[in-house]
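**Student:** Quick one: this structure, given as structure tokens, is what I'll be asking you about.
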Amino acid sequence: MRIAELLGRSRPTISFEFMAPRDETEVEVLEKTIAALAGHAPDWVSVTYRLRTGDKTLELVTRIKRQYHIEAMAHLTCANSVDQTRHILNWMEREGVANVLALRGDPQESDDHFVPADPELAHGSDLVAFVRRNGYGFGIGAACSAEKHPESPDLDHEFRYMKLKVDAGADFLVTQLFFDNRFYFDLVARARAAGIKVPIVPGLMPVQSRRSLAHMTAMSGATVPSALRRTIDEQPDDDAVRRFGVEHCIAQCAELLEAGVPGLHFYTFNRAKAPIEILAALRGQQLIAS
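Everything in the sequence shown is counted per numbering that gives the first Met the number 0, starting at 0 for the first residue and increasing by one.
This is the structure in structure tokens:
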């Protein structure tokens, strides 16, 4: 089923992002995480794409669909040539994958900026257009930012690229992480004013430690509100930071759900504990179904 259809239902969807494992140790951790979160009946999940482990992404997506009967979406990036991209899409089509998240992708560790494998596929919007132009029947998701991405000159630039993805055929959008809901609400209001009608799903990540917060804000450009920063700085250790991070994310989710968001998408980093705690709290508040 296309994820856009799930997002069109009367209740908000719950979904998780899993990271493709790099080695056997990560495989074991991920297996436990998937099993734990599958028990909470997510509506859909997504699996990230790594250039060196792309096959693992595809294998994992198909296995989640077959073993857990959960709609699973593969990330696809502009790190492949046109021929490689067509090969991957053909494989997914044969295996019954129904959805793809079309992304530009991140720079390789050896590069200070993103270098596309093919000039025809330089941006996420190019990849969306490629999938549509070649007649594939996938549901297509795309990424967007509620705030200015570190590589963008300004928020207007970010918004233009978001609109290009929708105009090219994206069915829905998933935001990068944010810690202040005002950025999400402003993005949605601006999108609707510009005639963008597709669902915009908020992407959420509870703070887990000071170190992970610093890393993720540097990568995403997410603003840490002064009150949140101050409270984190006051915590005695990372266990306390994690507990507060979960509490803050619960409050974020509650406000978003009360505002009528189409769903909540959690960046799990292959860890189940925090999402499970958040979902339990939201069920306790009767904001999502038990």
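In this text, a Cβ means the ideal position worked out from N, Cα and C, and glycines have one as well.
Small disclaimer: the values here were computed from a predicted structure and weren't measured.
Rounded to whole angstroms, how far is the Cβ of Y266 from the Cβ of L203, which I believe are closer than 8 Å?
**Tutor:** 7 Å
**Student:** Comparing alpha-carbon positions, which option in L75, A78, W43 lies nearest K64?
**Tutor:** W43
**Student:** Given that a residue counts as buried once 16 or more other Cβ atoms are within 10 Å of its Cβ, and exposed if not, what is E16?
**Tutor:** buried
**Student:** For the alpha helix (DSSP H) that contains V96, what are its first and last residues?
**Tutor:** Where V96 is concerned, there is no enclosing alpha helix (DSSP H), given that its DSSP letter is neither H nor E.
**Student:** Select from A226, G220, C77, I199 the residue whose C-alpha is nearest the C-alpha of A128.
**Tutor:** C77
**Student:** What residues are listed by DSSP as bridge partners for F265?
**Tutor:** F15, L203
**Student:** Quick one: grab the DSSP three-state call for I139.
**Tutor:** Reduced to three states, the DSSP call for I139 is strand.
**Student:** Could you tell me the boundaries of the alpha helix (DSSP H) in which M218 lies?
**Tutor:** 209-219
**Student:** Between which two residues does the alpha helix (DSSP H) carrying F129 extend?
**Tutor:** 123-132
**Student:** Can you grab the Cα-Cα spacing for the pair Q285 / D237, in whole Å?
**Tutor:** 29 Å
**Student:** Within the chosen definition, does the stretch 213-227 reach the stretch 22-34 through at least 3 CB pairs nearer than 8 Å?
**Tutor:** At 8 Å Cβ cutoff, the stretches do not touch.
**Student:** Verify whether the separation of the beta carbon atoms of T174 and A145 is less than 7 Å.
**Tutor:** yes
**Student:** Taking the CB atoms as reference points, tell me whether S208 and V240 lie closer together than 7 Å.
**Tutor:** yes
**Student:** For the putative contact between G95 and I139, defined by C-beta atoms under 8 Å, what is the C-beta separation to the nearest angstrom?
**Tutor:** Not really, about 16 Å apart at Cβ, beyond 8 Å.
**Student:** Mapping the DSSP letters down to three states, classify L286 as helix, strand or coil.
**Tutor:** coil
**Student:** Specify, as a first and last residue, the run of the alpha helix (DSSP H) that A119 falls within.
**Tutor:** Note on identity: in this sequence residue 119 is Glu, with Ala being the wrong assignment. DSSP places E119 in no alpha helix (DSSP H); its state is neither H nor E.
**Student:** Do G123 and L154 have their C-beta atoms closer together than 7 Å?
**Tutor:** no
**Student:** Starting from S9, follow the beta strand (DSSP E) in both directions and report where the run begins and ends.
**Tutor:** Element bounds for S9: n/a, residue is neither H nor E.
**Student:** If I'm right that M18 touches T47 with Cβ under 8 Å, what's the distance once you round it to whole angstroms?
**Tutor:** 5 Å
**Student:** Considering only C-alpha positions, which residue in the set H264, I287, L278, A273 is nearest to M72?
**Tutor:** Cα-wise, what sits closest to M72 is H264.
**Student:** Report whether the distance from the Cβ of T216 to the nearest heavy atom of the ligand FAD is below 6 Å.
**Tutor:** The ligand content of the structure shown is nil, which means the ligand FAD is not present either.
**Student:** Going by DSSP, what residues sit across from H74 in a beta bridge?
**Tutor:** L100
**Student:** Just the C-alpha distance for L6 and G259, rounded to the nearest angstrom, thanks.
**Tutor:** 12 Å
**Student:** Could you please give me the residues that DSSP links to S45 through a beta bridge?
**Tutor:** DSSP lists E16, M72 as the bridge partner or partners of S45.
**Student:** Along the beta strand (DSSP E) that carries T174, what are the first and last residues, could you check?
**Tutor:** In the DSSP annotation of this structure, the continuous segment of the beta strand (DSSP E) that includes T174 starts and ends at 171-176.
**Student:** Taking C-alpha atoms, which residue in S80, F137, I195 lies nearest to E119?
**Tutor:** S80
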